[in-house]
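Colleague:
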Amino acid sequence: MSTAVLTAPAALVAGTSPATHAAAALPTPHAVPGARGAVVVLRGTDTATGRVGTWHVTPLEGTDACEVEHVEGHVMSEAVWMQTAKTSVAMTGGEVAELVARVEPCC
């Protein structure tokens, strides 16, 4: 398996490959206190719930934690993402790795 090169905690990408998730490094769409600058974007079906969603994962400076923002549905446009109501939670690197592993890519 190959490992993606992303600015994120090692636990986020360890043991994963583009075949198991759809992730892309993008500029941070908004200021997040403690954010390191890169966002991992996941788009697909959460196999735990069966629901299609889009997740932006922002590593937080000086920790193994990430801010994870989520919306229902498949959001491709940054402009739409910025205007959409999102849920936001903090996750450890391990929790993010679990999320990445269970999101089945849709594109």
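Counting with mature numbering (1 follows the signal peptide of the UniProt record, and there is no 0), you get residues -22 to -1, 1 to 85 for the letters of the sequence shown. Glycine included, every Cβ here is placed at the ideal spot set by N, Cα and C.
What's the C-alpha gap between Thr25 and Val81?
Modeller: 6 Å
Colleague: Tell me which residue opens and which closes the beta strand (DSSP E) that Ala68 is part of.
Modeller: Thr65 to Thr70
Colleague: Pop quiz: Val30 and Gly22 are said to be a contact at Cβ under 8 Å. What is the actual Cβ separation, rounded to whole angstroms?
Modeller: 7 Å
Colleague: Among the residues of its own chain, which have a CB less than 6 Å from the CB of Thr65, if the five just before and after it don't count?
Modeller: His48
Colleague: Can you give me the start and stop residues for the alpha helix (DSSP H) that Ala57 sits inside?
Modeller: Annotation: the continuous alpha helix (DSSP H) that includes Ala57 extends over Glu56 to Gln61.
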